[in-house]
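What follows is a single structure, written as structure tokens, with notes after it.
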Amino acid sequence: MTTSTASPTLRTVDGEKNVLLAARRRRLFTTWATRIGIIVVWLAAWEATATWWIDPFFYSKPSAIARRLYEWFTIGTDFGSIWLQIGIFLEEAVIGFVIGAVAGVLLGVVLGRSQYLADVLSPFIKAANAVPRIVLASLFIIWFGLGLSSKVATVVVLVFFAVFFNAFTGAREVDRNLINNARILGASRLQILTTIVLPSATSWILSSLHTAFGFALIGAVVGEYAGAEKGVGLLIANAQGTFDSAGIYAAMIIITVIALVAEWGIGWLESRLLRWRPSMVTNPAAGI
């Protein structure tokens, strides 16, 4: 009969894993319970305040917002199905986001690796970034009309600069020793760009996408608010014109849900593309 000397060690390791897993589950449960509790208290306080102290005509209340959402998703809006409005809104945001992000990455990396181009174009980029986006949204409506093009152009302008500056910084922060070693080994400029610069700048670029998609939603709303035939921004503009505060809040909730789903998707993509990075060790007891 043989006895495994590794068994006590394995049992100790398994016990530590179980303790850490249980601590993580307790922390997750506590976190979500606290979040839900904050939301419940906030909504209850809002409902009570709007019922007895403030005028719900101006500030609305959760029950009125819930009714408006129910009407939109069951009966529809004044401009058609709510799903049509959401679909058009997402189409504008996603197309503009992709175009703006790709353009921002390409130009940011190129200028980040070329000091001459950066010096030449720097004042023009800074001047373009200083132009108010709302003014551009109005101009785009005059140039491209009330359709998809004007909204996409507004989104592109907002997304481009959010991604460009991060891509530019990421390309500048590449370890010069790696580039010098690659040149010694005979790597071409294109090979250095694709195998060293872009992977090194990936974390900078991906971190900018979280903010950039939020700007994409803002751009779509601003464009539709300035003038549109369909979209969530049009619902907000119509609700404002009819003093329907519940409609404004309802549209805000829809945009918030879309933003949270997109944030989760970008976070998932980031975790997939940055698997090579060393993971942070989490200490459940310390809450870190």
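Counting from 109, one number per residue, gives the positions in the sequence shown under this note's numbering.
The C-beta atom is built at its ideal place from N, Cα and C for all residues, glycine as well.
Keep in mind the model is a prediction, meaning the values are calculated, not measured.
Apart from sequence neighbours up to five positions away, the residues of its chain that approach residue 203 with a beta-carbon distance below 8 Å are 256, 260, 263, ordered along the chain.
If the five residues before and after residue 312 are omitted, its C-beta is found closer than 7 Å to the C-beta atoms of 274, 275, 277, 278, all from its own chain and listed in chain order. According to the DSSP assignment, residue 164 belongs to the alpha helix (DSSP H) that extends over 164–167.
Between residue 308 and residue 323, the alpha-carbon positions lie close to 24 Å from each other. A Cβ-Cβ separation of about 5 Å places residue 271 in contact with residue 316 under the 8 Å criterion. Residue 185 has 188 as its beta-bridge partners, per DSSP.
Of 364, 358, 369, the smallest CA-CA separation from residue 169 is found for 358. If you draw a straight line from the Cα of residue 151 to the Cα of residue 218, it is about 49 Å long. Taking residue 133 as the centre and dropping the five residues before and after it, the same chain places no C-beta closer than 8 Å to its C-beta.
Here DSSP, grouped into helix, strand and coil, assigns residue 247 to helix.
Sequence-distant partners of residue 374 (beyond 5 residues in either direction) whose C-beta falls short of 7 Å from its own C-beta, in its chain, are 317, 318, 321.
Remark: three or more beta-carbon pairs, one from each stretch, lie closer than 8 Å, so the stretch 191–198 and the stretch 333–351 are flagged as touching.
CA-CA distance, residue 288 to residue 251, rounds to 48 Å. In this structure, residue 265 keeps its C-beta atom at 8 Å or more from the C-beta atom of residue 205. Apart from the 5 residues on each side of it in sequence, residue 164 sits with its Cβ closer than 6 Å to the Cβ of 158 in its chain, given in chain order.
Under the DSSP assignment, residue 321 falls in the alpha helix (DSSP H) whose first and last residues are 306–334. One thing to note: residue 344 has its Cβ within 8 Å of the Cβ of residue 356. Around the C-beta of residue 325, 16 or more other C-beta atoms lie within 10 Å, and the residue is accordingly described as buried.
Taking C-beta atoms as the reference points, residue 212 and residue 280 fail to come closer than 8 Å.
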